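2 protein chains.
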Amino acid sequence: MNDEATGGRAEPKRRAGSATSKTRTAILRGAEQIMAEHGYAAVTYRSVAAGAAVTPGLVQYYFPVLDDLFIALLRADTDRIIDHLTRATQDGRPLRAVWDYASGKAGTTLMLEFMALANHRKAIGPVMGEGGERVRQAQLAAITAASQRYEIAPAALVFLMTAIPRMIGLEEAFGTSTGHEETIALVRQYLDEVEPL
Amino acid sequence: MNDEATGGRAEPKRRAGSATSKTRTAILRGAEQIMAEHGYAAVTYRSVAAGAAVTPGLVQYYFPVLDDLFIALLRADTDRIIDHLTRATQDGRPLRAVWDYASGKAGTTLMLEFMALANHRKAIGPVMGEGGERVRQAQLAAITAASQRYEIAPAALVFLMTAIPRMIGLEEAFGTSTGHEETIALVRQYLDEVEPL
DNA sequence: GTCTATACGGCGATAGAC
DNA sequence: GTCTATCGCCGTATAGAC
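Sequences listed follow chains A and B, in order. The first sequence lines up with residues 28 to 224 when you count with this note's numbering. The second sequence lines up with residues 28 to 224 when you count with this note's numbering.
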């Protein structure tokens, strides 16, 4: 509700305390769990403090604005995703790996959570964009080795193999489902052609 | 931030005052403008009241819980979208009409706004799902007349023509763009084949 | 039925004490 | 470097005036 307030700030100091502080990592771990369990809206100075058994003021000391905490969480998640994709695309069927990963429910939920977060905390948007770009470049690198097999521009292919299952997941989270089965069948047919099992 | 509180309620009376009240429609109009201009987070009892020149208590009289106000706005938006699509798909190139509409920036922004809203106001989700289903059925009805032209299952086609530009819009809102151009070129090529200008 | 006034417990952010 | 007190928002509930 105070979006404008945080958006209009120049650039104050964004971090206090050492980056290696034990307290700091304990706070991050606790915040991550709260976010996974109850959503970003449940991540408050008070709840994180309670989870890490410190005072709310101390959490705020390490993360002066709540954005800073979310950004740290988002960056860590992005790194994890890229790690996973890098490993999963080395089995000879990189396109299927991309499709399968994007089809995972957990990832879609997390994406929705961060999209919603970015939507009312303007500092988060650019971090998401940069993370999305990093992920896409990693996917692109993983499929270009065999790109002549696919008959479709690699960049378009990677986008589609991510966007389609993601949007299906989003819609299903709310209860819209018309066309999902038919679309999945279409993609499966294509994958069977270009990356037979 | 008080999601749990509103979620745990049985089912109190959800509306007071007549549905045709002049005050009620004034409140809705004002709320719509605030939402379009500053996002859903700026829609508060106090801001809406100020916009409609009434007291916050009166807004709450007509919409006892803020969800009720958002649901009224979402339903009205869905009706408008269906009206628009019904008209736009009658020019002989219904698939292009679907694609063009989903490519509009305003609609994508609004969708993101409502998705974010649904993400932390659980009462909104089902209303979004139902609205999405209504829109999709209308689109489906509009293209099935000429469906033999398309070579792809109509339901999959409608989903893709909506999902692709929507996801492109979402990603661009944050700053991810790899693959967008290539994907758009791909779709344009397909549209030129099945619905030549 | 319409509408106002007020109170409560939550929140993020800030200033400043230790 | 660590932590507290306080401020001004918020949604919601309630009591009651007209």
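Idealized CB from N, CA, C, for every residue including glycine. Keep in mind that this is a model prediction, so the values were computed, not measured.
Next on the checklist: Is A:Val185 close to chain B? Criterion is C-beta to C-beta, closer than 7 Å.
Outcome noted: What you label residue 185 of chain A is simply residue 158 of the first sequence in a count that begins at 1. For A:Val185, the answer is yes, since a Cβ of chain B falls inside 7 Å of its Cβ.
Next on the checklist: If the criterion is Cβ atoms closer than 7 Å, does the pair B:Phe201 and A:Gly152 meet it?
Outcome noted: Along the second sequence, read from residue 1 onward, the residue named residue 201 of chain B stands at position 174. Along the first sequence, read from residue 1 onward, the residue named residue 152 of chain A stands at position 125. Yes, these two residues count as a Cβ contact at 7 Å.
Item to check | A:Leu218 to A:Ile211 span [Cα, whole Å] | outcome: Translated into positions along the first sequence, residue 218 of chain A becomes position 191. Translated into positions along the first sequence, residue 211 of chain A becomes position 184. In this structure, the CA atom of A:Leu218 is about 10 Å from the CA atom of A:Ile211.
Next on the checklist: Give me the residue from B:Asp94, B:Tyr67, B:Ala69 and B:Asp118 with the minimum Cα distance to B:Pro223.
Outcome noted: Within the second sequence, the letter at position 196 stands for residue 223 of chain B. Answer by Cα proximity: B:Asp118.
Next on the checklist: As a quick exercise: from A:Ala76, A:Glu199, A:Tyr67 and A:Gln164, pick the residue whose alpha carbon is nearest that of B:Gly159.
Outcome noted: The count along the second sequence starts at 1 and reaches residue 159 of chain B at position 132. That would be A:Glu199, whose Cα lies nearest to the Cα of B:Gly159.
Checklist entry - chain A beta carbons: is any one of them nearer than 7 Å to that of B:Pro192? => result For this step, residue 192 of chain B is matched to residue 165 along the second sequence. No - not a single Cβ of chain A is within 7 Å of the one on B:Pro192.
Next on the checklist: Any beta carbon of chain B sitting closer than 7 Å to that of A:Leu137?
Outcome noted: Counted from its first residue, the first sequence places residue 137 of chain A at position 110. Output row for A:Leu137: interface = no.
Next on the checklist: Quick check on DSSP: helix, strand or coil for B:Thr205?
Outcome noted: As a first step, residue 205 of chain B is located in the second sequence; it is residue number 178 there, counting from the start. Looking at B:Thr205 - three-state DSSP - the assignment turns out to be coil, as it is neither helix nor strand.
Next on the checklist: Please state whether the Cβ-Cβ distance between B:Thr189 and B:Pro181 is less than 7 Å.
Outcome noted: In the second sequence, the residue the question calls residue 189 of chain B occupies position 162. In the second sequence, the residue the question calls residue 181 of chain B occupies position 154. It is not a contact, given that the beta carbons lie outside the stated cut-off.
Next on the checklist: Could you tell me the alpha carbon to alpha carbon distance between A:Tyr177 and A:Val221, rounded to whole angstroms?
Outcome noted: Your numbering for residue 177 of chain A matches position 150 in the first sequence. Your numbering for residue 221 of chain A matches position 194 in the first sequence. A:Tyr177 and A:Val221 have their C-alpha atoms spaced approximately 6 Å apart.
Checklist entry - Could you give the residue range of the alpha helix (DSSP H) that holds A:Ala159? => result Position 132 of the first sequence, counting from 1, holds the residue named residue 159 of chain A. At residue 159 of chain A the sequence reads Gly, which differs from the Ala that was named. It spans Ile151 to Thr171 - the alpha helix (DSSP H) in which A:Gly159 sits, taken as one unbroken run.
Checklist entry - What do you reckon, are the CB atoms on B:Val154 and B:Ile98 nearer than 7 Å? => result Sequence index remark: in the second sequence, residue 154 of chain B carries index 127 (1-based). Sequence index remark: in the second sequence, residue 98 of chain B carries index 71 (1-based). Yes.
Checklist entry - Quick one: is A:Asp94 buried, meaning 16 or more other Cβ sit within 10 Å of its Cβ, or exposed? => result Along the first sequence, one-based indexing puts residue 94 of chain A at 67. Buried: at least 16 other Cβ atoms inside 10 Å.
Checklist entry - Quick one, which residues of the segment 125-151 of chain A are near chain B if we go by CB-CB under 9 Å, in chain order? => result So the close ones are Leu139, Glu140, Met142, Ala143, Leu144, Ala145, Asn146, His147 and Ile151.
Next on the checklist: Strictly below 7 Å CB to CB, what residues from chain A border B:Met155?
Outcome noted: Locating residue 155 of chain B in the second sequence gives position 128, counting from the first residue. Chain A residues near B:Met155: Phe201.
Item to check | Same chain, Cβ closer than 8 Å to A:Ser48, neighbours up to 5 away in sequence not counted | outcome: As a working mapping, residue 48 of chain A is identified with position 21 in the first sequence. Setting aside the 5 residues that flank it on each side, A:Ser48 is surrounded in the same chain by Tyr89, each with a C-beta closer than 8 Å to its C-beta; the list follows chain order.
Item to check | Contacts that B:Glu225 makes with chain A (C-beta to C-beta distance below 9 Å) | outcome: An answer regarding residue 225 of chain B cannot be provided, because it is not within the stretch 28 to 224 covered by chain B.
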